[in-house]
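Asker:
Here it is in structure tokens:
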């Protein structure tokens, strides 16, 4: 697939956001996030700042904690034995699941990030009991079908569940279609599901002035992330339907179960707190997709 639109694109520029997100997730209850944030900060000391009064910051933290939970919820009711995570960043979901369950989990991302993540994983594994399942880490550009197939061939025969959170917003429409085609071909052969937390809706103007102008925000603006989001949930459903998928189940966000919600509420101006209490407007959804019948 060397003739496609991704052939000359440098996807390695995406990876710096992963460290920023890990430090943010160190303020949540996501398994291993705080310890990994401490390790990646060495020789400096990572000390979570729960006294921070910054609504935009805590809104992000709550969002990412909830997004992680949504993916896990859609995994829990199907209990897959083969899981491939794309563009995993410094998430350690594979470590959590393979420690607790008899599952074969392959964690993938771009080569530089996998190289940086491997010593963190080894340090985290050192204090854990023997794993019930199997965990692998492999470098992968998800738009390279030959490499993608080489990864999926590492699983034993049987249905495969592919998951991702934080990938599709980096891809334009043609690249999204390219990824869909690869996943569709794999699931047609093996069966299974695709769980994606990347159903993001264009809403940049709504948050103008609220989100901090930090390294992460600068990164998102530089990559024109909002341009790659969907116009609506209906438009997203139409897109995936056109690529041969249908929605099997949508995750129900439970912000009340996030550790970070209390800090968001404590830092929210009165008018924004009222919006939160009324549910606000959705900006993201997590879907479990299956092949359309």
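Numbering (full-length UniProt numbering), first residue to last: 1 to 293. The beta carbon of each residue, even a glycine, is placed where N, CA and C say it ideally should be. On a predicted model such as this, the values are computed, not experimentally measured, just so you know.
Do residue 197 and residue 79 have their C-beta atoms closer together than 8 Å?
Answerer: Locating residue 197 in the chain shown gives position 197, counting from the first residue. Locating residue 79 in the chain shown gives position 79, counting from the first residue. Result no, Cβ atoms of residue 197 and residue 79 do not sit closer than 8 Å.
Asker: In whole angstroms, give me the CA-to-CA distance for residue 159 and residue 82.
Answerer: The residue labelled residue 159 in the question sits at position 159 within the chain shown. The residue labelled residue 82 in the question sits at position 82 within the chain shown. Approximately 7 Å, taken between the alpha carbons.
Asker: Would you mind working out which of 181, 167, 269 and 195 sits nearest residue 75, comparing C-alpha positions?
Answerer: The residue labelled residue 75 in the question sits at position 75 within the chain shown. Checking every option, the nearest Cα to that of residue 75 belongs to 195.
Asker: Can you tell me where the beta strand (DSSP E) holding residue 104 begins and where it ends?
Answerer: Walking along the chain shown from the start, residue 104 turns up at place 104. Per DSSP, residue 104 belongs to the beta strand (DSSP E) from 104-109.
Asker: Report yes if the C-beta distance between residue 234 and residue 289 is below 8 Å; otherwise report no.
Answerer: By one-based count along the chain shown, residue 234 stands at place 234. By one-based count along the chain shown, residue 289 stands at place 289. No, Cβ-Cβ distance for residue 234 and residue 289 is not below 8 Å.
Asker: Pull up the distance between the alpha-carbon of residue 292 and that of residue 86, whole angstroms please.
Answerer: Residue numbering aside, residue 292 sits at position 292 when the chain shown is read from its first letter. Residue numbering aside, residue 86 sits at position 86 when the chain shown is read from its first letter. Cα-Cα distance, rounded: 22 Å.
Asker: Based on Cα-Cα distance, which residue from 19, 36, 20 and 177 lies nearest to residue 127?
Answerer: The residue labelled residue 127 in the question sits at position 127 within the chain shown. Among 19, 36, 20 and 177, the Cα nearest to that of residue 127 is on 36.
Asker: Return yes when the Cβ of residue 90 is within less than 8 Å of the Cβ of residue 97, no when it is not.
Answerer: Numbered from 1 along the chain shown, position 97 holds the residue referred to as residue 97. Numbered from 1 along the chain shown, position 90 holds the residue referred to as residue 90. No, the Cβ-Cβ distance between residue 97 and residue 90 is not below 8 Å.
Asker: In its own chain, which residues sit with a C-beta less than 7 Å from the C-beta of residue 38, not counting the 5 before and 5 after it?
Answerer: As a position in the chain shown, residue 38 is number 38, starting the count at 1. So the qualifying residues of the chain are 46.
Asker: In the structure shown, what three-state DSSP assignment does residue 181 receive?
Answerer: Numbered from 1 along the chain shown, position 181 holds the residue referred to as residue 181. DSSP places residue 181 in helix when its eight states are reduced to three.
Asker: Do you know offhand how far residue 145's Cα is from residue 131's?
Answerer: Along the chain shown, one-based indexing puts residue 145 at 145. Along the chain shown, one-based indexing puts residue 131 at 131. Residue 145 and residue 131: Cα-Cα distance of roughly 30 Å.
Asker: Report the residue from 34, 226 and 29 whose alpha carbon sits nearest the alpha carbon of residue 66.
Answerer: Locating residue 66 in the chain shown gives position 66, where the first residue counts as 1. Among 34, 226 and 29, the Cα nearest to that of residue 66 is on 29.
Asker: Measure the Cβ-Cβ separation of residue 201 and residue 176 and say whether it is below 8 Å.
Answerer: As a position in the chain shown, residue 201 is number 201, starting the count at 1. As a position in the chain shown, residue 176 is number 176, starting the count at 1. No, the Cβ-Cβ distance between residue 201 and residue 176 is not below 8 Å.
Asker: Between the beta-carbon of residue 184 and the beta-carbon of residue 250, is there less than 8 Å?
Answerer: In the chain shown, the residue the question calls residue 184 occupies position 184. In the chain shown, the residue the question calls residue 250 occupies position 250. It is not a contact, given that the beta carbons lie outside the stated cut-off.
Asker: Use the C-beta contact count for residue 286: other C-beta atoms within 10 angstroms, 16 or more gives buried, fewer gives exposed.
Answerer: Indexing the chain shown from 1 puts residue 286 at position 286. It counts as buried.
Asker: Going along the chain, which residues of its own chain have a beta-carbon closer than 6 Å to the beta-carbon of residue 261, five neighbours each way excluded?
Answerer: Counting from one through the chain shown, the residue named residue 261 turns up at place 261. Counting only Cβ-Cβ distances below 6 Å, and skipping sequence neighbours, we find 62 and 255.
Asker: Could you work out which residue in 155, 154 and 92 is closest to residue 164 when comparing CA atoms only?
Answerer: Residue mapping note: residue 164 aligns to position 164 of the chain shown, counting from 1. If we check each option's Cα against that of residue 164, 92 comes out closest.
Asker: Whole-angstrom Cβ separation of residue 84 and residue 151, contact assumed at under 8 Å?
Answerer: Residue numbering aside, residue 84 sits at position 84 when the chain shown is read from its first letter. Residue numbering aside, residue 151 sits at position 151 when the chain shown is read from its first letter. At roughly 7 Å, the Cβ-Cβ gap stays under 8 Å, so residue 84 and residue 151 are in contact.
Asker: Is it right to say residue 107 is buried, meaning 16 or more other beta carbons lie within 10 angstroms of its own, or is it exposed?
Answerer: Taking the chain shown and counting its residues from 1, one reaches residue 107 at position 107. Answer is buried; the Cβ neighbour count reaches 16.
Asker: So residue 143 is in the beta strand (DSSP E); what residue range does that whole segment cover?
Answerer: Here residue 143 is taken as the residue at index 143 of the chain shown, counted from 1. Neither: residue 143 is in no beta strand (DSSP E) and is coded neither H nor E.
Asker: Taking residue 31 as the reference, give the member of 64, 51 and 138 with the closest Cα.
Answerer: Here residue 31 refers to the residue found at position 31 when the chain shown is read from its first residue. With distances taken between Cα atoms, residue 31 lies closest to 64.
Asker: Starting from the Cα of residue 53, find the closest Cα among 263, 283 and 282 and give me that residue.
Answerer: As a first step, residue 53 must be located in the chain shown, where it is residue number 53. Among 263, 283 and 282, the Cα nearest to that of residue 53 is on 263.
Asker: Specify, as a first and last residue, the run of the beta strand (DSSP E) that residue 60 falls within.
Answerer: For this step, residue 60 is matched to residue 60 along the chain shown. Premise fails: residue 60 lies in the alpha helix (DSSP H), 55-76, not in any beta strand (DSSP E).
Asker: Let me know if residue 188 comes out buried or exposed under the rule of 16 or more other beta-carbons within 10 Å of its beta-carbon.
Answerer: As a first step, residue 188 must be located in the chain shown, where it is residue number 188. Residue 188 should be labelled exposed.
Asker: Determine the direct distance from the alpha carbon of residue 253 to that of residue 147, and round the result to whole angstroms.
Answerer: Counting from one through the chain shown, the residue named residue 147 turns up at place 147. Counting from one through the chain shown, the residue named residue 253 turns up at place 253. Distance between the alpha carbons of residue 147 and residue 253 is about 34 Å.
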